[in-house]
Ligand code: SOE
């Protein structure tokens, strides 16, 4: 029985969308920053945050109000078993993703699972199989796909506007783990997986690379570096995961490229930069300036603004507000959850990142690991 629900939910269909908020009865496992972002997005998509579970019942109770959830479940088992829940949002440390997502599919739920989908390929494969077997939707928030100007870049590449793609490069840089005292569960390979910076933010960059170019990496050569060998208070404890990754890669279509992934780049907060050059022109997207797309031409480069009147249809669909009214990170999440909801009710919005994309990211991560272990190029399987 669901308690703490406050007012009875309004289940009247929305006159604009034809949906009722009972179309998306979601519950969130994990109450950190990502849990909060998910809770806003569920409500923005017209859904209900039916409940929340955390590492302890106390923590779930403490976070319930904060996340605007109707109920605090004592643990993830009760949440997954609840008849009131249709969609489980997994926002826990990475090592729990596989077990929780598979249990949720087995209970007949749809699943939104944070990235990286899993810490190894075999688990990601089992998660994809579980979704297929249960005939349920499984999505992964590679949310930068939902910036309208990133969609615009993808559409322009797809139309051939930039010519044949020959080069793709960029970086994803953060500084929140710059100092030895900076700590987080992701630093521990048992919780976060063997690749930390790559799994946490490199997975986004490589997803964007393949999404925007419409191409696939075939092989890569990577090196990693651990700048802070110990972390935490006092003398700290030894660190088993990397702070930096550099990758050189080749795409199936013939383009080549490089990427730099870092969580120790002072002054860079969350800067994902992707630049794609074709034989005619270049496009560059910067996640910290998401209202713009740079179009480089030999004669006359331009900074294109997110103006719905000038966007291609797929990008315009994601433009929530008129030009000059900035939209950003949370808007991407909102659009991602809205597309997840539409997919659950049988529509097929373009570009939704699913568990198959999470598995793809696990394959790329596996090639990075293999390359760093052998010191040579590695094939990206699948
Ligand atoms: C932390 O590095 C983090 O919150 C990532 O986990 C997210 O995926 C990224 O969007 C922002 O940074």
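Residue numbers (full-length UniProt numbering): 5 to 386. Glycine included, C-beta positions come from ideal geometry on N, C-alpha and C. Remember, predicted model here, so these are calculated numbers, not experimental data.
CA-to-CA distance, residue j to residue i, given in whole angstroms
i, j, result
"residue 240", "residue 246", "16 Å"
"residue 122", "residue 367", "11 Å"
"residue 140", "residue 358", "11 Å"
"residue 189", "residue 303", "49 Å"
"residue 111", "residue 85", "7 Å"
"residue 80", "residue 62", "13 Å"
"residue 228", "residue 375", "10 Å"
"residue 288", "residue 294", "10 Å"
"residue 383", "residue 255", "11 Å"
"residue 67", "residue 378", "45 Å"
"residue 346", "residue 113", "15 Å"
"residue 109", "residue 136", "9 Å"
"residue 45", "residue 155", "20 Å"
"residue 115", "residue 91", "6 Å"
"residue 316", "residue 310", "11 Å"
"residue 94", "residue 266", "25 Å"
"residue 232", "residue 183", "7 Å"
"residue 271", "residue 167", "35 Å"
"residue 52", "residue 362", "25 Å"
"residue 352", "residue 131", "21 Å"
"residue 185", "residue 235", "6 Å"
"residue 74", "residue 230", "42 Å"
"residue 6", "residue 77", "Low confidence applies here, because residue 6 scores a pLDDT of 39, under 50, leaving its location unreliable and the question unanswered by this model."
"residue 125", "residue 204", "16 Å"
"residue 386", "residue 253", "16 Å"
"residue 59", "residue 118", "16 Å"
"residue 323", "residue 330", "10 Å"
"residue 148", "residue 199", "21 Å"
"residue 71", "residue 308", "36 Å"
"residue 341", "residue 49", "6 Å"
"residue 208", "residue 144", "11 Å"
"residue 31", "residue 106", "15 Å"
"residue 312", "residue 285", "22 Å"
"residue 55", "residue 354", "29 Å"
Bridge partner(s) assigned by DSSP for residue i
i, result
"residue 296", "309"
"residue 265", "176 and 249"
"residue 117", "94"
"residue 150", "Answer is none; residue 150 lacks a bridge partner."
"residue 380", "Per DSSP, none; premise fails for residue 380."
"residue 388", "The structure shown does not extend to residue 388, since the chain is modelled only from 5 through 386, so no value can be given for it."
"residue 29", "52"
"residue 330", "Partner(s): none; residue 330 has no beta bridge."
"residue 221", "255"
"residue 235", "241"
"residue 57", "33"
Closer than 6 Å: residue i CB and nearest the ligand SOE heavy atom
i, result
"residue 124", "no"
"residue 338", "no"
"residue 274", "yes"
Residue i Cβ short of 6 Å to the ligand FMN heavy atom set
i, result
"residue 204", "This structure does not include the ligand FMN; its bound ligands are the ligand SOE."
Residue i - DSSP class collapsed to helix/strand/coil
i, result
"residue 195", "helix"
"residue 77", "coil"
"residue 283", "coil"
"residue 276", "strand"
"residue 95", "coil"
"residue 371", "helix"
"residue 227", "strand"
"residue 255", "strand"
"residue 342", "helix"
"residue 388", "No answer is possible for residue 388: the residues shown for the chain start at 5 and end at 386."
"residue 364", "helix"
"residue 108", "helix"
"residue 143", "strand"
"residue 242", "strand"
"residue 358", "strand"
"residue 69", "helix"
"residue 85", "helix"
"residue 271", "coil"
"residue 165", "coil"
"residue 353", "coil"
"residue 186", "coil"
Any chain B beta carbon closer than 7 Å to residue i
i, result
"residue 353", "Given the protein chain composition of this structure (a single chain), no chain B is represented."
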